[in-house]
Each structure stands twice: as C-alpha cells, then as structure tokens.
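Trainee: Residue numbers (the working numbering), protein chains in the order written: chain L, 55 to 465; chain W, 55 to 465; chain A, 34 to 187; chain X, 34 to 187. This is the structure, below, for whatever I ask next.
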Amino acid sequence: MPFDVPTLRKEFPTLQRDLDGHRLIYLDSAASSQTPVAVLDAMDRYYRWSRSNVHRGVYQLAEEATDLYEGARTKLATFVDADPRGIVFTKNATEACNLIAYSWVRRNLGPGDALLTTVMEHHANLVPFTYAAKDLGFEVRHITLTDDGQLDLDAARDLLADGRVRFVAVSHVSNVLGTINDVATIADMARAANPGAIIHADGTQAVPHLPVSFRDLGIDSYAITGHKMLGPTGIGALIARPELLDSMEPFLSGGDMIRDVTLDGATWNDIPHKFEAGTPMIAEAAGLGAAVDMLTELGMDQIRAHERELTGQLIDALAGINDVTVHGPRDLDVRGGAVSFEVAGVHPHDVGAMLSSTGVCVRVGHHCCKPLMKCLGSNATARASVHVYNDADDLPPLVEGIEAARSFFAR
Amino acid sequence: MPFDVPTLRKEFPTLQRDLDGHRLIYLDSAASSQTPVAVLDAMDRYYRWSRSNVHRGVYQLAEEATDLYEGARTKLATFVDADPRGIVFTKNATEACNLIAYSWVRRNLGPGDALLTTVMEHHANLVPFTYAAKDLGFEVRHITLTDDGQLDLDAARDLLADGRVRFVAVSHVSNVLGTINDVATIADMARAANPGAIIHADGTQAVPHLPVSFRDLGIDSYAITGHKMLGPTGIGALIARPELLDSMEPFLSGGDMIRDVTLDGATWNDIPHKFEAGTPMIAEAAGLGAAVDMLTELGMDQIRAHERELTGQLIDALAGINDVTVHGPRDLDVRGGAVSFEVAGVHPHDVGAMLSSTGVCVRVGHHCCKPLMKCLGSNATARASVHVYNDADDLPPLVEGIEAARSFFAR
Amino acid sequence: MSMEDLYQEIILDHYRKPKNRAPALDNEDVHVHHSNPLCGDEMDLRVRVVDGNLDAVVFDGEGCSISQASASAMTQAVIGRELKDGLELAEDFRLMMHGDEPSRADDLLDGVAFQGVSKFPVRVKCALLGWMALRDAIETYQSGASAHSVTHDD
Amino acid sequence: MSMEDLYQEIILDHYRKPKNRAPALDNEDVHVHHSNPLCGDEMDLRVRVVDGNLDAVVFDGEGCSISQASASAMTQAVIGRELKDGLELAEDFRLMMHGDEPSRADDLLDGVAFQGVSKFPVRVKCALLGWMALRDAIETYQSGASAHSVTHDD
Ligand SMILES: Cc1ncc(COP(=O)(O)O)c(C=O)c1O
Ligand SMILES: Cc1ncc(COP(=O)(O)O)c(C=O)c1O
C-alpha cells in the first residue's frame, strides 16, 4: 500500500507555504529536498539539550553528543547496508568525491593509466577527476549514451579493453536524465578488464529514492549527500570498503584524525576517524539520522513504487504538451524521478519564471552537467523532480504553467 | 557597562538544563560554545520557510535561500573587517587550514623552502603543513615559548633570518595557554626576511572573544570556525586577501565552483565561489549570520572586557587551590579565557569526572595540541574556558569540585 | 514574484519583434562575442563607427526573453550616440540593474522598462548581456582592435 | 553521571594502594609497553612464566585512577593462571567493558567492580589498558619474543 501523501506533506513546513495565493508546488527535490519536522526536532534536541563537542569529553553532554554523532553513523550504515567503519561523514557529496580523488586517484594514477567516467556525470563526480588528470597526466575516458539516454555498455567494454582503466567514476542515478545505471555490471566489466580497478559511484540521486545496498553493488566507494534525502544541509558521506579506506592516506588533516602528533609529523587514527578532521557536523549528523529513520519507516520499496508511478504520470503529462520534448529513458524500470524537458521556442529561464509565478518550483539551467547538455545539443533544460511529498495533484499546475509560458512567449 | 550575564544566559537553552540537581556550569567554550535561540531561529526560518538550494534558482524560495547565504557572507565580512570576496565558507576551521595547505603550500613549497609555525599550534594548524612537508620535502620550523607561555619573538627572528621561510602558520589565540599572539608583528618580521612570505593565522579562538580586524592584522589568510562563536556546527571560513585567492588554484572541485566544464577540463568561477564546491552549508550560514549579529549587538569590546575580568578571577581562583598549577601568561592583556591547569597527583581524567558529577563541564586531555603538551612536560591538562554566558557565579562550583577531586584521589 | 514585474509589455514586444537583430553588418568595425556558460546565453554584437558615433549596432544570439529584449532595446537607445556617451549610458543601465535609479531614464528609452529586473538577481545578468557587449565593443574599437570574445561569470 | 557508578570503593582502594606495582621483575620473561597517546596513559607490564603459568605479573605506569586500579585488580586476578586462561579472562573483561555480563565474575575478583565503567565510553579504554597489555604480553611470549610495544587508538 502506498503511503498517504497529503498527510505526509504536513510534515514538511515549507510545503505549507502559500505563494501569492498559490499552493507551493515543489518539484525541485533533485536539487535539494524538503526537510521534515522530525529532522528539525532532532537537530534542535542536540542544540537545546546536549550542545557540546564530541569525542573524548568526560562530561555527560559530551557523551550524549558523541552518542548522537556515532549513532547516526550506525543508522546510515544500516540504511545503505554498509560497514559503519566505512562511513566517512563529509560536508556534502562533492567533498566525498574529492576525498576519493585526493586520497586514492591522485596517489595512484599517472601517465599511462586511465580513468573511466561517463558523459552524464554531475560536475561533482567529474571535475575532481579531470582536475587530477590535468595535474598528473593520466587519461580520462567517457562512456557515451544510447539513444534513450542509458549508458552504452558496449562502448564501455571497448574503453576498458586495454586494461589500463584503474578507476571508474559513474553515477548511480542521473540528476538530469533520471537514468538508473547498472553500476554492478559496470563494476564487473571493469574488474574483468583490470582486477585491481577501483569502482566509485555517485549515489547522490539514488539513496533518497531507491533501496540501496552498498554491499550488493559490489563497488569500492559511494558518495551521498544529506540535503537531498530529507536531511539537513552541510552533511554528506563517503561510503567505502573499510579495507580500501585502511589502505588510503588521509585527505583533510588536523584534530581528531590523528593518533599521535609530533612537531614534524603524525600517525593517523583508525578509520573512519582518519578521514574526519576537525569538529564534525554534529547537529547535521543527528538530523541525517532522523531523516534515515523517516525514510526507513516509509519504506524504500514503497517510496520507489510511489515515485515510479508518479514519474510515469509526470512524463506522460509533459509529453502530452505541444512542442515539449522530454529527455531520458521512457522505461520506468531504469529511471528515477528527475525529468528534464524543453519547450520549443521558449528559453528554460522563461519557463521557470512563468512556473514560479504560480508557485511551481522547477530547476532550469545546465544542472551542473555541462558535458551532458552538450550531448543533448542544448544549453539548458527545465527539470521537474519528485520526492515522497509529491503526488498527481502537483501535475496540473505544472502543465498549466508550461502551457501559459508557451502562449506568453510564443513569437 | 558590561552586559547582564544572568539575563543573557536565558538565551542559551542547554544552560537551562539541570544535571542531577546541579545547575549546568559550562566551562568548555574553547571546545564548542553554546548556541543561542536566535541562531536556532535563523536556521529554522530557512528550513521552515525558504528550504531550497542556492544560486541560479529562478523561483522565489531559491532567491531567498541565496540571499540568506550570501547575506551571511557579507555579515561575516563586516564582522571581521574583510572583503566579502575573500570569505570562503568551509565546514570548519580545519578545512580552512587544509584549503590554504592544499591550494597554496602544496603548490608553492618544495625542497629548500621553509615553513614557520609554532609549538603551540592546534593540530588543525599544524598537521596539514607537516603532512605537506612530508610529501614535498620542505622544512618545518617552530617558534618556541618564553617562560610565561608567549611566543619567543627573538627565536622567531633567528628562524626567519635565512630568508627561506615562505609561509607562516601561527595561532592568533592559543586554545590551551590562552596566549594572544602578536600576529601583526610576526607578519612584519616574516615579510622583512622574505617579502613574498604568506602569513596564515588561526583565528578560531580569537574571533569569538576579541574585536578582530583582518585588514589591521595585515596577514594573508585566517581560519575561523562557527561552532565556537555561538554559531552552529558544520560551518567555518577561510578569510583571505582576494588577490591571494585569485592567484590560487582551487582545492575542492565540483558544482558551483566552475565557469565552464568540458569532458576534459574546466575553467573556474570567480572568488570566493571558486573555492566553494557543491551545495554549501545554507542553514549553517544563516545561523552563523545570526551569531555574528548577536556578538555585534553585545559588542566585541564589551565581550572582551567581561571575559578579561572573568579570566583574571578564574586564574586567581585556580591558583589559590593547593597543588594546582595554572599554565599560560598571567598578564591579562595578552591572554584570552582558556585556562589550562593541573592538579598535582590527580590525573586530569579524574578531575574532569569529579567536576562532571556536580554539573561542571571542563575539557581534559591534550586539547589537540600534543607538541605543546610535550613542551609543558605533561600528557594532559584540564582546561576551563569562558564565554559571554559565564560569570563569577560559575567559579565556586569549579573550585569546590577540584578540592573534592584532590581529597578524593589523594593517595 | 509577479510575472508583471519582470515581463512588462514593452519587454515582450522587444522579445517578439526584436529591433536591429541581424547576423551580419556591412562595413562593420567591431564584432564581439559574449557568452554566459552558466545559462548558455550567446550574443554577437556588431558595431559600425562613423565620425566617432555609433552609426550602426546589430545583435544576434540565443538566450532568454530578457536577454534578447534588453539587447534590442539597447540598440535603439545607443545608435547615433558618441562612443563615450554610449559607455556612459551602459554604466547608467548597469547601476540601474544593481538597484539605483537611472539618472538618464529618458535616454535609455525602452531600457527603463527593465528596472523591475533588478528585483530578480538571477535575471540581472540576462538583462546586462547586451549592454556589456556594447561596452566591450566600444572599448575594443578604442583600443584599435576589431574583434573580442568574452565569457561572463555567473 | 554519578561518581559512585564510576569510582566504587574497591576501585579507589586499588588506586590508592596498588597491588603488584613495580618498575622491574626478577627473571622476567616478557616486558610490554602500552601507551595511549590520546590521553597520555603509559603502561609497562612485566610477566614471568613458570610451567606455562603466569607466575608473576607486575605493572608500572602513569594514568588516571581507573587505568591504574584496573591494572592492579588485573594482576591479582591472573597471577597463577595458565596463559590460555589468562587470555580468556582478558576477553571476558573486554566483553564486560562493552556491556556484556561477565561470564566469569568470580574469577575476575575485584575486576567486576569495573562493570560500571562500561557506562562511561571515554573511560572504557582506561579500564582496558592493563588487560590489553596482559593479552599482548602472553601472545608475545607465545610467539617466542620477549618485548613488545603497542600504541592504542582512542
Ligand atoms: C586554536 C584552534 N584551532 C583550530 C581548531 C579547529 O576547529 P574545528 O574543529 O572547528 O575545525 C580549534 C578547535 O578545535 C582550535 O581551538
Ligand atoms: C548526481 C549528483 N551528484 C552530486 C551532486 C552534488 O551534491 P552536493 O552538492 O550535495 O555536494 C548532486 C547534486 O547537486 C547530484 O545531483
């Protein structure tokens, strides 16, 4: 049984807002999700009751704060089916991708090596690696797309064939096309070509919407971000195999990540602490823990089923408008709820502004995926994306707004 | 006129807590300060009213969120007397120190060069540089202490004399000794020896307690952290001369920090955005803005005057107990309100635990300053530190707790 | 955020029937190309100078209604002006976009209709695109060159 | 957090009058040095083995009351035991520190007084220091070596 969206919506304060007489219709969860009261309460409890720093405090507040923080790690580990020692908290998914880029890629790849990524990556899962390539002289290869916006696995096989690919960075779910990539198969292919290859996936758009088992994906590391999964801003995580983390040199250094420090050097703490330098995001971790609780309670299978159905309705509604092109796969089995579209003759900025005037929030632009935009032959698209609090009632205002933009801006 | 502490205390929810019948006496602000209701409200307003991502959104929520975020930057710039284009938000002070270590030190220093720091640095302002030295082979030199816990500027002059010091990392205020270092003079000395030297200071313990003008310090960069200045966890900043930032390559890369991205490379956005990759700490910035407002309203001169007097009383109270040694300068003009002490024959853990049993929160351990501990000939100390919400009423319970620990643990 | 603040009728007229929009210009003295990679706008501006005056100004490009309409209104406001005067008018428009009252409202002609755009920070750069291209074209001409390409920041 | 949970009278007795505390041991077979840089605790443990039994165990070091008292109680509980039995008892103590009921409460002697420490996560490693040193000493002996040095994590 799907959950009751109108009731659920009451848990999200910003959605109660009225914009010039229009109900706020939030279709931009792929950029950032709304935050439920339970998450705000969890952060508030920390600030109002246990406000102090974590680790090594001998007084009660400090022990409570440590329990909140480490408890969130355990919750997240259970949620994504990973080892808690493999959960490194970061400020966002971008930092998580940079962590693996600095601590593994930059310390292992050089001339003669290759890194494989895709043309659909978010800049977060692309630029840290091309930047490293520029400094270190390894080659970057890109998996291209099939006509329906999926990764071309035949092309991937060719790119892997010479065995020089030592690192793979691939998104689990595209924030523009919605495509759900078969990360496990790509990992198998990469290891078949080079058994030592490290596979990193960007799970930012997956974890909020699909049941995810890090163990079952069979990869080495995985980046996620809190603010897209009903959690607060300012927290994300790198999820990794503990053995990989153990073998890596630290990235950020400073307090809390050391075992011993002398004037000239330092020895590192155990994982995951070795990768968490400085005072961590304590309130944010407590908030993320509460977000994970809520997602678990709603049930990731139920969430996926609900969003799958709604995404189908969204695509049908958009595709039914004259002059509207929808990007990404039509097969709902391989796509999540981020739906990019274009209105012929109307610039996405104008579509977005028109929708905004009736309280409909969509994102317009390149969505931090400039190489993908180029593949689509486009400078920018509009994108509507759904989450647990959206339902079919949100679609008519979207369609009406687009129709209005068409007649308003038609030349 | 000093402000009214008992009234002010009501603004801090955790301080209202009662621990087994004892009033909570929080003397650990050097680890993390309490957070006032105004800061929690500012974050709540974002989450409950304008929850969305920043930058480039064409709808109203996104513009509000952007205003909150960029408004916080302006507030912080005014507060520390710096150019807003020189404010880079980070997750904490540790990340800020790593930023300058990766984007400047690691790209500029090598064999034959030297970096000057001090024996009193927090690991955050030391390990990123010794770690870089290990990778890149430059030399690290350390300013030693005078008998009263100040930096030995004669020693500093000698260390600078050969002109090979190209980077200086020094704390503005010590988190263990309380010493206020004369950063401006050290900067002058370093530039006299090598005009191109870059001077970086750790302002983490200064900005919450003293009036600070980044411009007047005459340095190049400065690290601070939100959670010690009445702000939330999960936010800090590197404050830097815009020209220095402009000349530096980015550190973290990904979304929002780029101008253009192709499959093989990227061009960078303008400062400060070039250094802020990914979704930023939006709620946290809003909270930090409110914290800055509160500090400004109380008046940094008043805060300093209040804490100066209270620190004097604290030192006198501690020094009056038998077998207690107080570390750091006695001259209140050159010291802030972090007071480390030791009780002969009683391990700091036992002092801390005993104090905790009557609601008094102090920190015990090495305070992330292992090299300094070694200089003090000690493995660990206890530390009481004050902030705006402390007053003389907090001292008798501290003294009684220490006395109790002495008689309880005396062998 | 009301549509009327942003999309005044004058703006829509310029968007629907742009003035001085053309892919080429006879006897052109300067051609500048401006782009904004972050929103994908592209603008070509061509200028012919006669006796120190902006004799002809044409634009071409791709972008949202605001950027296209603003460029159109710009050409009308500046054609026939001395180069220096064109620069001053561009500065007046720029300040207006940052919230100031325009000091030369009459000279901006339809350009004043864009005052409301200043309330929409994300769109300010759209309205400025044509004007910044003009400024660049004049400065390029003054420096003795004939072509220039600029990538704008967000 | 009550002082009584943590500092039971038995613990304080061991702290004030430690048993088997000595800087040296005649005919020692193994000497291990354990330190915890994060709280500065240092522990030297010396063991003499006779006929496969822990004939003598002495400790010396610096640290808080819990670490010193726990090491003292440990020596009393293990002297005279077979090496394997000593290892098992160390494991029982370790599990107790992580919240389990001790299965050999009687054999732990005064060691059971430390059960309350498990509620104070920061202090658990203090209580464990001596026991971990013992485990290391036995394993070092079994491996044929006579000295070992270990740095513990937080
Ligand atoms: C002097 C000093 N520098 C740097 C830091 C690091 O701050 P954060 O943990 O917020 O990164 C601290 C506090 O822990 C400090 O006291
Ligand atoms: C697919 C994908 N990866 C990575 C990111 C980066 O996440 P963050 O901005 O939280 O670092 C995003 C969102 O912006 C995304 O959609």
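Built from N, CA and C at the ideal position, the CB exists for glycine as well.
Hey, how far is the Cα of L/K328 from the Cα of X/Q148?
Mentor: In a straight line, the C-alpha of L/K328 is about 30 Å away from that of X/Q148.
Trainee: Measuring alpha carbon to alpha carbon, tell me which of X/E75, X/Y48, X/D169, X/V82 ends up nearest X/L58.
Mentor: Residue X/V82 is the option with its Cα nearest to X/L58.
Trainee: May I have the straight-line CA-CA distance separating A/C159 from A/T184, to the nearest angstrom?
Mentor: Between A/C159 and A/T184, the C-alpha separation is close to 13 Å.
Trainee: So, are the CB atoms of L/D256 and L/Y276 less than 9 Å apart?
Mentor: Yes, the Cβ-Cβ distance between L/D256 and L/Y276 is below 9 Å.
Trainee: Anything in chain A within Cβ reach of L/H76, meaning under 9 Å, just list it in chain order.
Mentor: Those do not exist, as L/H76 stays about 11 Å from chain A at its closest Cβ, beyond 9 Å.
Trainee: Specify the secondary structure class of L/T545 as computed by DSSP and reduced to three states.
Mentor: A question about residue 545 of chain L goes unanswered here, because the residues of chain L that appear run from 55 up to 465.
Trainee: Can you give me the Cβ contacts of W/K145 inside the same chain, cut-off strictly under 8 Å, excluding the 5 residues immediately before and after it?
Mentor: So the list reads G288, I289, G290, M335, once near-sequence residues are dropped.
Trainee: Is there a C-beta anywhere in chain W that falls below 9 Å from the one on A/T184?
Mentor: By this cut-off, A/T184 is an interface position.
Trainee: Between which two residues does the alpha helix (DSSP H) holding W/V93 run?
Mentor: It spans 91–103 - the alpha helix (DSSP H) in which W/V93 sits, taken as one unbroken run.
Trainee: If you measure from the CB of W/A277, is any heavy atom of ligand 4 nearer than 8 Å?
Mentor: The model depicted lacks ligand 4 and carries ligand 1 and ligand 2 instead.
Trainee: If distances are taken between C-alpha atoms only, which option among L/A434, L/K428, L/S411, L/H360 comes closest to L/E396?
Mentor: Among L/A434, L/K428, L/S411, L/H360, the Cα nearest to that of L/E396 is on L/A434.
Trainee: Taking the beta carbon of L/P304 as the centre, do at least 16 other beta carbons fall within 10 Å, making it buried, or is it exposed?
Mentor: Classification for L/P304: buried.
Trainee: Candidates X/N86, X/S136, X/S103: which alpha carbon is nearest X/G94's?
Mentor: With distances taken between Cα atoms, X/G94 lies closest to X/S103.
Trainee: Determine the chain A residues that contact L/D404 at a beta-carbon separation under 7 Å, and present them in chain order.
Mentor: In chain order: C97, S98.
Trainee: Below 6 Å CB to CB, which residues in the same chain sit around A/M34 once its five sequence neighbours on both sides are set aside?
Mentor: Confidence at A/M34 is low in this model, with a pLDDT of 49, below 50, so its placement is unreliable and no value can be given for it.
Trainee: At a CB-CB cut-off below 9 Å, which residues of chain W make contact with L/Y185?
Mentor: Near L/Y185 (Cβ distances below 9 Å), the residues of chain W are E303, P304, S307, G319, A320.
Trainee: Counting C-beta neighbours from all protein chains within 10 Å, is the total for W/Q88 16 or more, i.e. buried, or is it exposed?
Mentor: Buried, since its Cβ has 16 or more Cβ neighbours within 10 Å.
Trainee: Does the distance from the C-beta atom of W/Y156 to that of W/L122 stay below 9 Å?
Mentor: The answer is no: Cβ separation not under 9 Å.
Trainee: Under 9 Å, do L/I252 and L/L298 count as touching if we go by C-beta distance?
Mentor: In contact: L/I252 and L/L298 (Cβ atoms closer than 9 Å).
Trainee: Examine the Cβ distances between the segment 382–402 of chain W and the segment 230–246 of chain W and report whether three or more of them are shorter than 8 Å.
Mentor: The segment 382–402 of chain W, when compared against the segment 230–246 of chain W, does touch it at the 8 Å Cβ threshold.
Trainee: Taking a contact to mean a Cβ-Cβ separation below 9 Å, would you say L/P165 touches L/G125 in this structure?
Mentor: Their beta carbons are not under 9 Å apart, which means L/P165 does not touch L/G125 by this criterion.
Trainee: If I'm right that W/G285 touches W/V93 with Cβ under 8 Å, what's the distance once you round it to whole angstroms?
Mentor: At roughly 6 Å, the Cβ-Cβ gap stays under 8 Å, so W/G285 and W/V93 are in contact.
Trainee: Apply the 10 Å Cβ neighbour rule to A/G177 and answer buried if 16 or more other Cβ atoms are within range, or exposed otherwise.
Mentor: Result: exposed.
Trainee: May I ask you to check if the CB of W/Q204 is nearer than 8 Å to at least one heavy atom of ligand 1?
Mentor: For ligand 1, not one heavy atom lies less than 8 Å from the Cβ of W/Q204.
Trainee: Quick one, which residues of the segment 161–173 of chain X are near chain W if we go by CB-CB under 9 Å, in chain order?
Mentor: Residues: none.
Trainee: What number of angstroms, rounded off, separates the C-alpha of L/R160 from the C-alpha of L/A344?
Mentor: Looking at the two C-alpha atoms, the distance is approximately 35 Å.
Trainee: Tell me whether the beta-carbon of L/V173 lies closer than 9 Å to the beta-carbon of L/I197.
Mentor: It is a contact, given that the beta carbons lie within the stated cut-off.
Trainee: Within 8 Å, do at least three Cβ pairs link the segment 134–143 of chain W to the segment 313–331 of chain W?
Mentor: A contact exists between the segment 313–331 of chain W and the segment 134–143 of chain W.
Trainee: For chain A, is any of its Cβ atoms less than 9 Å away from the one on W/E117?
Mentor: W/E117 counts as touching chain A.
Trainee: Would you say W/R102 faces chain L, with C-beta separation under 9 Å as the test?
Mentor: Answer yes: the Cβ-Cβ gap between W/R102 and chain L drops below 9 Å somewhere.
Trainee: Leaving aside the five residues before and after L/V378 along the sequence, list all residues of the same chain whose C-beta is less than 6 Å from its C-beta, in chain order.
Mentor: These residues qualify, in order along the chain: L372, F395, V397.
Trainee: Can the beta-carbon of X/L141 be found less than 9 Å from the beta-carbon of X/V80?
Mentor: No, the Cβ-Cβ distance between X/L141 and X/V80 is not below 9 Å.
Trainee: Return yes when at least one heavy atom of ligand 1 lies under 8 Å from the C-beta of W/Q88, else no.
Mentor: No.
Trainee: Give me the chain L residues within the contact set of W/H196, using Cβ-Cβ distance strictly less than 7 Å, ordered along the chain.
Mentor: Near W/H196 (Cβ distances below 7 Å), the residues of chain L are L317.
Trainee: So, for L/L342: in the same chain, excluding its five sequence neighbours on each side, which residues have a beta-carbon less than 6 Å away from its beta-carbon?
Mentor: The answer, listed in chain order, is A126, G280, G285, I289.
Trainee: List the residues of chain W that L/A438 touches, going by C-beta distances under 8 Å, in chain order.
Mentor: Correct list: empty, because the minimum Cβ distance to chain W is about 12 Å.
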